[in-house]
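*Asks:* Protein chains in written order, with the working numbering: chain A, 1 to 313; chain B, 314 to 626.
Spelled out as structure tokens, the structure:
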């Protein structure tokens with residue numbers, strides 16, 4: 001057991017309110033005044049979740065994007081956000097961060113209503129947090145996947161992973177990949193429209209394989225993923241090709257903030273219509289089966305799982 | 314202008330939703346489904362807001378106490394909380410933190426419903442945040458004080474300041490002062506009962522003088538404080554005496570988490586009855602007047618303001 005899971009177990013001992021969902025979901029779901037609030041908090045830390053060299057506007061964007069993506073995964077429409085900000089000691093840097101934050105919150109109609117600014121001791125990593133609050137009618141858990149469901153993912157995978165490699169100077173590549181890493185798009189409209197049609201939904205922030213495994217564990221089912229079905233962008237393929245290795249890299253890369261969802265085959269047509277209406281790319285990547293755990297396969301034959309299924313913060 | 318106030322000005326440019334209250338109040342106040350939510354986020358950082366040597370249970374307690382105190386200041390009853398936690402790398406430390414947090418949340422009926430745990434780079438300060446959400450009927454701002462109001466404070470002041478000096482090994486003193494610093498009591502019941510009776514309310518977390526100055530500025534009034542009216546505990550007096558110097562020390566010390574409120578003289582009897590019913594100590598420390606700014610006086614004659622009015626984080 002990691003120290004993180006041990007700690008979360010200790011919190012679970014008293015986080016017994018139904019809104020907490022056992023601290024196993026992307027967000028809390030609170031019944032209030034006959035309506036349903038979805039609440040999430042994501043923190044990002046320098047040298048853990050972003051690079052010191054990332055433009056501050058993009059870090060501001062990403063803080064909100066990570067939180068709005070959790071709302072998207074629960075089918076919620078943003079209501080408001082609060083921010084925790086550690087002053088960087090550089091007013092220009094802070095102002096650029098605020099600009100990027102304002103841009104994304106305005107784009108997705110999420111007002112900033114409060115928060116806290118703190119100093120941190122010299123030498124401490126920059127550290128930002130956001131609580132995003134939304135409202136939803138149908139709130140899919142990550143625990144509702146049923147045998148027979150199809151497993152879908154939105155967009156393409158691996159782009160942000162390559163964008164990070166570009167940002168680190170490890171490879172060269174097109175701007176679109178760098179943007180995928182620095183300015184991820186929370187799938188809010190898609191999530192809201194899909195929520196009533198799916199049996200389980202979450203965002204893919206740490207990698208398809210690790211997040212699908214989490215969905216399988218929460219739902220007490222097995223999930224089988226076809227490696228050749230991992231959706232890749234042209235930009236990704238232009239750098240890595242479309243080999244099995246490339247697919248596995250894309251399926252274990254983090255920061256894509258796409259939606260991963262399971263739905264019964266009878267919902268397929270409606271799901272495809274939703275995606276067409278929004279001009280959103282979605283892709284069926286696997287099946288939910290009886291049993292437990294994650295299975296990776298190629299043309300139906302099992303492949304060994306890679307040692308690292310994704311990104312563990 | 315400090316870099317913090319410059320940054321908050323930049324946020325204000327887009328934090329224009331009425332729930333944000335111009336980012337000038339202790340908490341956001343969000344109308345939702347015909348009811349009123351109060352939302353606050355406070356972060357605490359090692360070596361800024363707490364000492365590395367403070368017991369982890371007490372740090373967990375204090376994180377929640379600081380947030381619940383903001384709810385108290387807005388007359389709100391706690392609904393739920395989300396926590397941002399930086400893993401310390403020491404599972405025993407984390408477990409003790411969780412124990413203290415669970416203790417206070419259970420005492421004040423505030424369920425933990427979500428949050429995030431993150432790693433921080435080696436050498437970074439521990440960094441914790443909490444979003445607390447409550448519900449209120451009457452929500453006093455800090456901007457409602459009117460000329461003619463009396464200014465009140467709950468409890469005694471300066472105890473936590475001496476507790477911090479004890480924790481730092483600078484002085485010796487009784488346990489009760491150390492506890493005032495390490496386990497502050499959010500004045501939730503008092504805040505809820507006072508809310509409909511007051512014209513302005515906030516918590517005193519940074520020092521009576523600095524917080525009263527903030528209330529005066531937000532309300533566009535002058536506030537005059539009688540130095541001899543600063544309420545002191547027996548424990549405080551046993552160490553510092555009850556000189557003018559001691560009063561000024563108490564009036565500029567932080568971390569007391571008492572309530573500061575302004576109310577018209579016609580509310581005095583009801584206010585005193587509320588305090589008696591709750592066995593809470595309250596003390597009239599000054600008057601709200603026409604004009605602007607903070608005035609300190611002794612027996613009605615003006616005293617020079619100390620250079621440092623309180624604690625600026």
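Just so you know, even glycine gets a beta-carbon here, dropped at the ideal spot from N, CA and C.
Keep in mind the model is a prediction, meaning the values are calculated, not measured.
#1: Just to confirm before moving on: does the CB-CB distance between residue 446 (chain B) and residue 393 (chain B) stay below 7 Å?
#2: If you compare alpha carbons, which of A:308, A:220, A:184 is closest to residue 289 (chain A)?
#3: Got a sec: is the Cβ-Cβ distance from residue 159 (chain A) to anything in chain B below 7 Å?
#4: With 7 Å as the limit, tell me which residues of the segment 45–68 of chain A have their beta carbon closer than that to any beta carbon of chain B; keep them in chain order.
#5: Taking 8 Å as the threshold, find out whether the segment 562–578 of chain B comes into contact with the segment 471–479 of chain B through three or more Cβ pairs.
#6: Is there a Cβ of chain A sitting closer than 7 Å to that of residue 327 (chain B), yes or no?
#7: Please return the same chain residues whose Cβ sits closer than 6 Å to the Cβ of residue 369 (chain B), not counting the five positions on each side in sequence.
#8: In whole angstroms, what is the alpha-carbon distance linking residue 244 (chain A) and residue 153 (chain A)?
#9: In whole angstroms, what separates the C-alpha of residue 398 (chain B) from that of residue 271 (chain A)?
#10: Is residue 75 (chain A) near residue 136 (chain A), with beta carbons less than 7 Å apart?
#11: Which residue comes first and which comes last in the alpha helix (DSSP H) that contains residue 273 (chain A)?
#12: Nearest CA to the CA of residue 539 (chain B): which residue from B:347, B:402, B:600?
#13: Below 8 Å, can you find three or more Cβ-Cβ pairs linking the segment 11–28 of chain A to the segment 418–435 of chain B?
#14: Can you tell me whether residue 147 (chain A) is buried or exposed, with buried defined as 16 or more other CB within 10 angstroms of its CB?
#15: Hey, out of B:620, B:323, B:581, whose CA is closest to residue 462 (chain B)'s CA?
#16: Along chain B, in chain order, which residues have C-beta atoms closer than 9 Å to that of residue 43 (chain A)?
#17: Looking at C-alpha atoms only, which residue of B:362, B:414, B:385 is the closest neighbour of residue 480 (chain B)?
#18: Note down, in chain order, every chain B residue with its Cβ under 7 Å from the Cβ of residue 156 (chain A).
#19: Does residue 28 (chain A) get closer than 7 Å to chain B when you measure Cβ to Cβ?
#20: Spatial neighbours of residue 334 (chain B) within its chain, please: CB distance less than 7 Å, with the 5 preceding and 5 following residues excluded, ordered by chain position.
#21: Which of helix, strand or coil does DSSP assign to residue 540 (chain B)?
#22: Is residue 262 (chain A) close to chain B, meaning its C-beta is less than 7 Å from at least one C-beta of that chain?
#23: Within the continuous beta strand (DSSP E) that includes residue 371 (chain B), where are the two ends?
#24: State the start and end residues of the unbroken alpha helix (DSSP H) segment that holds residue 323 (chain B).
#25: Can you pull the chain A residues whose beta carbon is under 8 Å from the beta carbon of residue 347 (chain B), in chain order?
#26: What's the call for residue 386 (chain B), buried or exposed, on a 16-neighbour Cβ count within 10 Å?
#27: Can you pull the DSSP bridge partners for residue 570 (chain B)?
#28: How far does the alpha helix (DSSP H) with residue 93 (chain A) in it extend, from its first residue to its last?
#29: Could you tell me how far apart the beta carbons of residue 520 (chain B) and residue 564 (chain B) are, in whole angstroms, since I believe they sit closer than 8 Å?
#30: Closer than 9 Å by beta-carbon distance: list the chain B residues that pair up with residue 242 (chain A), in chain order.
#31: Please report whether the beta-carbon of residue 335 (chain B) lies at a distance below 7 Å from any beta-carbon of chain A.
#32: For residue 381 (chain B), tell me which candidate among B:615, B:468, B:430, B:516 has the shortest Cα-Cα distance.
#33: For residue 526 (chain B), which residues of its own chain have a beta-carbon under 8 Å away from its beta-carbon, when the five flanking residues on both sides are left out?
#34: Using the DSSP secondary-structure output, state which residues sit across from residue 40 (chain A) in a beta bridge.
*Replies:* This is what the structure holds:
#1: Yes. Within cutoff.
#2: Residue 289 (chain A) has its Cα closest to that of A:220, out of A:308, A:220, A:184.
#3: With 7 Å as the cut-off, residue 159 (chain A) does not count as an interface residue toward chain B.
#4: Flagged, chain order: 45, 47, 48.
#5: A contact exists between the segment 562–578 of chain B and the segment 471–479 of chain B.
#6: Yes, residue 327 (chain B) lies at the interface with chain A (some Cβ there is under 7 Å from its Cβ).
#7: Counting only Cβ-Cβ distances below 6 Å, and skipping sequence neighbours, we find 406, 409, 410.
#8: For residue 244 (chain A) and residue 153 (chain A), the distance between alpha carbons rounds to 18 Å.
#9: The straight-line gap from Cα to Cα measures roughly 37 Å.
#10: In contact: residue 75 (chain A) and residue 136 (chain A) (Cβ atoms closer than 7 Å).
#11: Per DSSP, the unbroken alpha helix (DSSP H) holding residue 273 (chain A) starts and ends at 268–277.
#12: If you compare the alpha carbons of B:347, B:402, B:600 with that of residue 539 (chain B), the shortest gap goes to B:600.
#13: In short, these stretches touch, since the Cβ pair count reaches three.
#14: By the C-beta density criterion, residue 147 (chain A) is exposed, having fewer than 16 other C-beta atoms within 10 angstroms.
#15: Distance check between residue 462 (chain B) and each of B:620, B:323, B:581 places B:581 closest, using alpha-carbon atoms only.
#16: Within 9 Å Cβ-Cβ: 397, 398, 399, 428, 429, 430, 431, 440, 442.
#17: Ranking the options by Cα distance to residue 480 (chain B), first place goes to B:362.
#18: By Cβ distance, chain B contributes nothing, its closest Cβ being about 26 Å from residue 156 (chain A), past 7 Å.
#19: Yes, because at least one Cβ of chain B sits closer than 7 Å to the Cβ of residue 28 (chain A).
#20: Non-local beta-carbon contacts of residue 334 (chain B) in its own chain, meaning distances under 7 Å to residues more than five positions away in sequence, involve 341, 342, 454 in chain order.
#21: When DSSP states are grouped into helix, strand and coil, residue 540 (chain B) belongs to the helix group.
#22: No, residue 262 (chain A) does not count as interfacial toward chain B.
#23: It is not in any beta strand (DSSP E) - residue 371 (chain B) instead sits in the alpha helix (DSSP H) that spans 369–386.
#24: 316–325 is the extent of the alpha helix (DSSP H) around residue 323 (chain B).
#25: The contacting residues are 33.
#26: Under a 10 Å Cβ-count criterion, residue 386 (chain B) is classified as buried, with 16 or more other Cβ atoms of the shown protein chains found around its own Cβ.
#27: DSSP lists no bridge partner for residue 570 (chain B).
#28: Counting along the chain, the unbroken alpha helix (DSSP H) around residue 93 (chain A) starts and ends at 91–107.
#29: Taking 8 Å as the upper bound for CB-CB distance, residue 520 (chain B) and residue 564 (chain B) are in contact here, some 7 Å apart.
#30: What residue 242 (chain A) touches in chain B: nothing, since even the nearest Cβ is about 34 Å away.
#31: Chain A, which has no Cβ nearer than 7 Å to the Cβ of residue 335 (chain B), makes this no.
#32: Nearest of B:615, B:468, B:430, B:516 to residue 381 (chain B), Cα basis: B:516.
#33: Within its own chain, the residues whose Cβ lies closer than 8 Å to the Cβ of residue 526 (chain B), once the five positions on either side in sequence are excluded, are 536, 606, 607, 622, listed in chain order.
#34: Its beta-bridge partners are A:132.
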